[in-house]
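Student: Counted from 1, the sequence shown has number 176 at position 31 by our numbering; the numbering is strictly sequential.
Next up is a structure, given as structure tokens.
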Amino acid sequence: MPEETTGAARTHRLRVVRVIAETADAHSLVLQAPPESAARFTYRPGQFLTLKLPGADGRPAARCYSLASSPHTGEPLKITVKRVAGGHGSHWVCDQVTAGDELEVLPPAGTFTPDSLDRDLLLAAGGSGITPVLSIAKSALAAGQGRVVLLYANRDEASVIFRDELRELTAHHPDRLLVVHWLESLQGLPRAERLAAALAPYADREAYVCGPEPLMDAVEQALRAVGTPGRRIHRERFFSLGGHVFDAPAQAVGADVPAEDCSTAEAEVEVELDGETRTLAWPAATPLLDALLAAGVDAPYSCREGACSACTCRVVAGEVKMLRNDVLDDEDVAEGYVLACQTLPLTDRVAITYS
Ligand code: FES
Numbered sequence: 146m147p148e149e150t151t152g153a154a155r156t157h158r159l160r161v162v163r164v165i166a167e168t169a170d171a172h173s174l175v176l177q178a179p180p181e182s183a184a185r186f187t188y189r190p191g192q193f194l195t196l197k198l199p200g201a202d203g204r205p206a207a208r209c210y211s212l213a214s215s216p217h218t219g220e221p222l223k224i225t226v227k228r229v230a231g232g233h234g235s236h237w238v239c240d241q242v243t244a245g246d247e248l249e250v251l252p253p254a255g256t257f258t259p260d261s262l263d264r265d266l267l268l269a270a271g272g273s274g275i276t277p278v279l280s281i282a283k284s285a286l287a288a289g290q291g292r293v294v295l296l297y298a299n300r301d302e303a304s305v306i307f308r309d310e311l312r313e314l315t316a317h318h319p320d321r322l323l324v325v326h327w328l329e330s331l332q333g334l335p336r337a338e339r340l341a342a343a344l345a346p347y348a349d350r351e352a353y354v355c356g357p358e359p360l361m362d363a364v365e366q367a368l369r370a371v372g373t374p375g376r377r378i379h380r381e382r383f384f385s386l387g388g389h390v391f392d393a394p395a396q397a398v399g400a401d402v403p404a405e406d407c408s409t410a411e412a413e414v415e416v417e418l419d420g421e422t423r424t425l426a427w428p429a430a431t432p433l434l435d436a437l438l439a440a441g442v443d444a445p446y447s448c449r450e451g452a453c454s455a456c457t458c459r460v461v462a463g464e465v466k467m468l469r470n471d472v473l474d475d476e477d478v479a480e481g482y483v484l485a486c487q488t489l490p491l492t493d494r495v496a497i498t499y500s
């Protein structure tokens with residue numbers, strides 16, 4: 146059975162075809178979707194999968210892991226998991242998962258993905274933050290025209306994930322890819338003032354940054370100091386998820402929405418998703434995502450708590466209200482983007498699009 150049918154959790158069972166020990170504390174899982182689910186596992190470079198894992202308390206837990214594979218090279222789906230101190234999920238994956246196992250997985254999601262693979266890109270990663278960044282780099286080199294500079298910070302040489310793959314990529318694309326390694330054991334911490342000198346020649350590029358918060362802060366500070374506008378600096382956000390991600394819609398946040406947050410009893414929403422348009426009832430106290438899932442619409446999501454942006458869509462008519470937003474910036478909101486998992490209707494008719 147490829148799909149988990151309980152509640153609204155649209156998980157799919159993916160087979161682990163291979164486990165690769167990348168470093169002493171990072172494992173990659175090569176995954177295969179069954180033929181009937183394959184279409185749901187097309188993805189954009191930089192996106193992540195959400196895995197349903199056993200939590201420390203025995204209840205299901207959700208963990209997001211970025212795809213290190215590229216959708217443009219013909220390689221299979223691959224996620225990479227690095228052990229996190231005290232992190233039950235990462236230890237479970239590294240210690241328990243073997244080839245032949247099946248994992249329950251939500252389809253790819255996330256907005257840490259370039260609009261165009263043809264532009265010159267500046268990529269910056271720290272530690273396991275290389276995972277989505279490598280996917281973007283491989284995709285740009287395989288399917289785009291631009292040049293790519295990748296700054297990759299690690300504690301020491303032994304912690305460098307994908308060292309051989311990066312070396313091969315550089316050998317294949319010597320004129321388009323430059324990888325700059327930053328090893329703390331040799332060069333010290335990558336602080337903003339030192340990074341600014343290294344990044345200044347690339348200040349006019351679109352920048353994608355993923356890694357520990359201090360590294361992302363330092364890269365962003367450095368880029369702003371050399372004149373990169375904030376809108377060109379894209380950071381991947383990390384967040385922890387509760388097991389409620391897999392709950393049925395009625396058990397999710399909609400049940401807790403106070404009545405004063407709604408000004409219409411039931412709205413009608415026209416939804417455009419994957420080239421299809423449907424019109425549905427949207428109960429006033431129910432977040433849009435829950436209304437869509439309950440109606441059988443296969444809308445994208447991951448965290449269901451306003452933290453990941455996987456459910457982002459755009460309002461094209463009517464008015465809505467967001468209960469929580471930890472991820473969209475003012476510019477996004479001004480353009481009509483909302484988080485479906487946190488959005489309630491304010492007018493009787495609303496139209497939204499996922500395109
Ligand atoms: S599903 Fe993560 S913000 Fe909505």
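Note that CB positions come from ideal geometry on N, CA and C, so glycine has one too.
Computed from a prediction, not measured in an experiment: that's the story for all the values here.
In the DSSP assignment, find the unbroken beta strand (DSSP E) run with Leu195 in it and report its ends.
Tutor: In the sequence as presented, Leu is not what sits at residue 195; that position holds Thr. Taken as a continuous stretch (DSSP letters only), the beta strand (DSSP E) holding Thr195 covers 193–199.
Student: Residues near ligand 3, CB to any non-hydrogen atom under 7 Å, in chain order?
Tutor: Annotation note on ligand 3: not contained in the displayed structure, which lists ligand 1 as its ligands.
Student: Give me the DSSP bridge partner(s) of Lys223.
Tutor: DSSP lists Val175 as partners of Lys223.
Student: Got a sec? Which residues, its chain only, sit under 6 Å from Ile378 by beta carbon, not counting five neighbours each side?
Tutor: Closer than 6 Å at the Cβ level, and outside the excluded window around Ile378, lie Ala352, Glu365, Leu368.
Student: Relative to the alpha-carbon of Thr225, which residue among Val478, Val461, Leu286, Asp170 has its alpha-carbon at the smallest distance?
Tutor: The shortest Cα separation from Thr225 among Val478, Val461, Leu286, Asp170 belongs to Asp170.
Student: Along the chain, where does the beta strand (DSSP E) containing Leu425 start, and where does it finish?
Tutor: It spans 421–428 - the beta strand (DSSP E) in which Leu425 sits, taken as one unbroken run.
Student: According to DSSP, Asn299 sits in a beta bridge with which residue or residues?
Tutor: Looking at the DSSP assignment, Asn299 forms a beta bridge with Leu328.
Student: Taking 8 Å as the cut-off, decide whether the C-beta atoms of Gly191 and Ser280 are in contact.
Tutor: Yes; because the gap between Cβ atoms is below 8 Å, this pair is in contact.
Student: Using the C-alpha atoms, what's the distance from Leu386 back to Pro205?
Tutor: So the alpha carbons of these two residues sit roughly 11 Å apart.
Student: Who are the near neighbours of Asp401 in its chain, counting only those whose CB is closer than 7 Å to its CB and skipping five residues on each side?
Tutor: Residue confidence is low: Asp401 scores 48 on pLDDT, short of 50, so the model does not pin down where it sits. No coordinate-derived value is stated.
Student: Could you say which of Glu247, Ser500, Leu196 lies nearest to Ser235 if we only look at CA atoms?
Tutor: Of the listed residues, the one whose Cα sits closest to Ser235 is Leu196.
Student: Pick helix, strand or coil for Val472, following the three-state DSSP scheme.
Tutor: Val472: coil per DSSP, three-state reduction.
Student: Give every residue of the same chain whose Cβ lies closer than 8 Å to the Cβ of Glu247, excluding the five residues on either side of it in the sequence, and list them in chain order.
Tutor: Cβ neighbours of Glu247 beyond the five flanking positions: Arg158, Leu159, Arg160, Val161.
Student: Please classify Ala455 as buried or exposed, where buried requires at least 16 other C-beta atoms within 10 Å of its C-beta.
Tutor: Flag for Ala455 reads buried.
Student: Please report the Cβ distance between His217 and Ala316, rounded to the nearest whole angstrom; I am assuming they are in contact, meaning their Cβ atoms lie under 8 Å.
Tutor: The pair is not a contact, with the Cβ atoms about 19 Å apart (cut-off 8 Å).
Student: Three-state secondary structure (DSSP) at Ala410?
Tutor: Reduced to three states, the DSSP call for Ala410 is coil.
Student: Could you name the residues of the same chain whose beta carbon sits closer than 6 Å to that of Trp427, not counting the 5 residues immediately before and after it, in chain order?
Tutor: Cβ within range, chain order: Ala412, Val414, Ala436, Pro490.
Student: Please determine if the region 176–191 and the region 235–245 are in contact, where contact requires at least 3 C-beta pairs separated by less than 8 Å.
Tutor: No, the region 176–191 does not touch the region 235–245.
Student: Using the Cα positions of Pro277 and Gly441, report the straight-line distance between them to the nearest angstrom.
Tutor: For Pro277 and Gly441, the distance between alpha carbons rounds to 30 Å.
Student: Could you check the C-alpha separation between Arg208 and Ala303 for me, to the nearest Å?
Tutor: The alpha-carbon atoms of Arg208 and Ala303 are separated by roughly 26 Å.
Student: For Pro492, does the count of other Cβ atoms within 10 angstroms reach 16, so buried, or fall short, so exposed?
Tutor: Looking at the sequence shown, residue 492 is not Pro but Thr. Exposed is the call here.
Student: So, using beta-carbon positions, are Glu381 and Gly274 closer together than 8 Å?
Tutor: Yes, they are a contact pair.
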